[in-house]
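One point on numbering: in the numbering used here, the residue at position 301 of the sequence shown is 320, and numbering is uninterrupted. Cβ atoms here follow ideal geometry from the backbone N, Cα and C, with glycine treated the same way. The block underneath contains the structure these notes are about, expressed in structure tokens.
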Amino acid sequence: MVTVDRCELRGMAQPLVVTVLFNRHLPGEHGLLRLRVGKVARQVQPGHFVQLICDPRLTLPRPFSVMDADPEQGSVDIFYRVVGEGTRIMASWKGGEELRVLMPLGRPFVWPEEKKNILLIAGGAGIAPVHFLARRLVERGQSAVLVWGIETEAPLMTIAARLDGFPLDVAFVESAEALAALDAVGVSSRLASMTPMAGRFHGYVTDLAEHYLERSSEALRRRTELYACGPTVMLRAVARLAERFGLSGQVSLEERMACGFGVCAACVVPVRQESGVGWSYRKICTEGPVFSLADIAWESG
Ligand SMILES: Cc1cc2nc3c(=O)[nH]c(=O)nc-3n(C[C@H](O)[C@H](O)[C@H](O)COP(=O)(O)OP(=O)(O)OC[C@H]3O[C@@H](n4cnc5c(N)ncnc54)[C@H](O)[C@@H]3O)c2cc1C
Ligand code: FES
């Protein structure tokens, strides 16, 4: 069994000792964790992830995308959903705890050209890297629109107005929490869920993205790129959208990891060969989690 201590022995970056600044419980068994990490916050880019060593009793660390980084305050935010032992331990933190964390890990999103219009698509806890990217894109003056599929009671937002280009029954998101920050900086955000809920698009988040693309002008559509994170089934649908509209894009893959530093091959994904014939496997933990949509051999799974 490969453990974090083996990882230290292999010469990787030593785990950082960080402090929990706060841990806010949110509806739908979600949580928002803020960690004081110091200067390393300056290196963190959208798409990077951290490996949290939740508890010495758990052999493996748990991977989480960074949802936001504040270089001034030296902090990073993690948005998590409680699904098992590690995340249950995370939910018990009250603030003030000291943890060990490996960060920043992985390859972040590649910045799009400035003239591109970015359509961000998130499913469930996949909002984390997408939210971070949205903030940074808008800080750079780039146009971005965000659609988020979330089945539970909205953990991060309240609902307000409408926006051109979306079906009329889909409300504009004015967040009380993290999405308020997006709203304030000018990212238009909409929600989708499979359970009918007031103000949300009823259906898959990719159906909502499709509505947006169908209603966009030809000129806007031509300069649109897709950036997505969520369950694999959603990312497959994003790949189909990209094919239908002739768009390029990037996805962050959040499949299961074990070691998280390239030795166990538990996290591989099929990637097309440059020759166009067949595919080979890449490790999500060291060569991802962000990949070009066109590089993944979606048909292989
Ligand atoms: C690069 C990366 C980034 C991630 N970012 C986030 C994030 O920002 N927020 C977040 O909530 N989660 C994220 N995840 C998923 C997160 O790592 C897992 O939910 C977590 O490790 C589960 O730990 P646990 O001990 O609570 O659950 P375990 O006891 O290990 O597992 C409990 C249940 O959760 C399921 N599960 C385990 N790992 C995953 C996974 N990767 N994806 C989906 N289900 C899983 C298991 O199949 C099982 O049913 C990310 C995963 C990766 C690989
Ligand atoms: S998780 Fe072990 S190689 Fe990626």
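{"Check": "Suppose you measure from the CA of Gln64 to the CA of Val56; what does that come to, to the nearest Å?", "Outcome": "14 angstroms"}
{"Check": "Just to confirm before moving on: does the CB-CB distance between Ser319 and Pro289 stay below 8 angstroms?", "Outcome": "yes"}
{"Check": "Quick one: grab the DSSP three-state call for Leu139.", "Outcome": "strand"}
{"Check": "Can the beta-carbon of Ser84 be found less than 8 angstroms from the beta-carbon of Ala141?", "Outcome": "no"}
{"Check": "Measure the C-alpha to C-alpha separation of Ala284 and Pro82 and round it to an integer number of angstroms.", "Outcome": "15 angstroms"}
{"Check": "Would the beta-carbon of Met122 be found less than 7 angstroms away from any heavy atom of ligand 2?", "Outcome": "no"}
{"Check": "Looking at the unbroken alpha helix (DSSP H) that takes in Arg240, where does it start and where does it end?", "Outcome": "237-241"}
{"Check": "What does DSSP give as the partner residues of Gly114 in its beta bridges?", "Outcome": "None, per the DSSP bridge assignment."}
{"Check": "What would DSSP say about Met176, mapped onto helix, strand or coil?", "Outcome": "Note that Met176 scores 46 on pLDDT, short of 50, meaning its location in the model is unreliable; the coordinates nonetheless yield the value given after this. Reduced to three states, the DSSP call for Met176 is coil."}
{"Check": "Residues in the same chain with beta-carbon distance under 7 angstroms from Arg240, minus the five sequence neighbours each way, listed in chain order, please.", "Outcome": "Leu232, Phe264"}
{"Check": "Drop a sphere of 10 angstroms on the beta-carbon of Gly105, count the other beta-carbons inside from all chains shown, and report buried for 16 or more, exposed for fewer.", "Outcome": "buried"}
{"Check": "Within the continuous alpha helix (DSSP H) that includes His150, where are the two ends?", "Outcome": "146-158"}
{"Check": "In the DSSP assignment, find the unbroken beta strand (DSSP E) run with Ala211 in it and report its ends.", "Outcome": "207-212"}
{"Check": "Can you list the residues near ligand 1, meaning Cβ strictly closer than 6 angstroms to any non-hydrogen atom, in the order they appear in the chain?", "Outcome": "Phe68, Arg81, Pro82, Phe83, Ser84, Phe98, Tyr99, Arg100, Val102, Gly103, Glu104, Gly105, Thr106, Ala144, Ala147, Glu273, Glu274, Arg275, Met276, Pro308"}
{"Check": "Is Ile315 near ligand 3, in the sense that its beta carbon is under 7 angstroms from a heavy atom of that ligand?", "Outcome": "The model depicted lacks ligand 3 and carries ligand 1 and ligand 2 instead."}
{"Check": "Around the C-beta of Cys248, are 16 or more other C-beta atoms found within 10 angstroms, so that it is buried, or is it exposed?", "Outcome": "buried"}
{"Check": "Based on Cα-Cα distance, which residue from Gln33, Val224, Ser207, Glu158 lies nearest to Thr214?", "Outcome": "Val224"}
{"Check": "To which residues of the same chain is Phe128 closer than 6 angstroms at the C-beta, ignoring the five residues directly before and after it?", "Outcome": "Pro65, Gly66, Leu152, Gln269, Val309"}
{"Check": "What do you reckon, are the CB atoms on Arg209 and Phe220 nearer than 8 angstroms?", "Outcome": "yes"}
{"Check": "What three-state label does DSSP hand Glu196 in the structure shown?", "Outcome": "Only weak support exists for where Glu196 lies, its pLDDT of 35 falling under 50; the value from the coordinates is given anyway. The answer is coil: DSSP assigns Glu196 none of H, G, I, E or B."}
{"Check": "Can you tell me the Cα-Cα spacing of Gly279 and Gly115, whole angstroms?", "Outcome": "26 angstroms"}
{"Check": "Report back the beta-carbon spacing between Tyr246 and Leu121 to the nearest angstrom; my notes put them in contact at under 8 angstroms.", "Outcome": "That belief does not hold up - the Cβ atoms of Tyr246 and Leu121 are roughly 24 angstroms apart, past 8 angstroms."}
{"Check": "Looking at C-alpha atoms only, which residue of Ile303, Gly47, Ala277 is the closest neighbour of Ile2?", "Outcome": "Within the shown structure, residues of the chain are numbered from 20 to 320, placing residue 2 beyond reach of any answer."}
{"Check": "Can we count Lys302 as close to ligand 2, meaning its CB is less than 7 angstroms from some heavy atom?", "Outcome": "yes"}
{"Check": "Using the Cβ count rule (16 or more neighbours within 10 Å means buried), how would you classify Leu28?", "Outcome": "Low confidence applies here, because Leu28 scores a pLDDT of 36, under 50, leaving its location unreliable; read the following figure in that light. Result: exposed."}
{"Check": "Use the C-beta contact count for His44: other C-beta atoms within 10 angstroms, 16 or more gives buried, fewer gives exposed.", "Outcome": "exposed"}
{"Check": "With DSSP collapsed to three states, give me the class of Glu132.", "Outcome": "coil"}
{"Check": "When the Cα atoms are used, what is the spatial distance from Ala258 to Leu272?", "Outcome": "13 angstroms"}
{"Check": "Out of Trp298, Lys302, Gly295, point me to the one whose CA is closest to Cys286's CA.", "Outcome": "Lys302"}
{"Check": "For Ser311, is the classification buried or exposed, using 16 other Cβ atoms within 10 angstroms of its Cβ as the cut-off for buried?", "Outcome": "exposed"}
{"Check": "Can you look up Val189 in the DSSP assignment and give me helix, strand or coil?", "Outcome": "Caution is warranted here: a pLDDT of 38 is assigned to Val189, below 50, making its placement in the model unreliable, and no coordinate value can be reported."}
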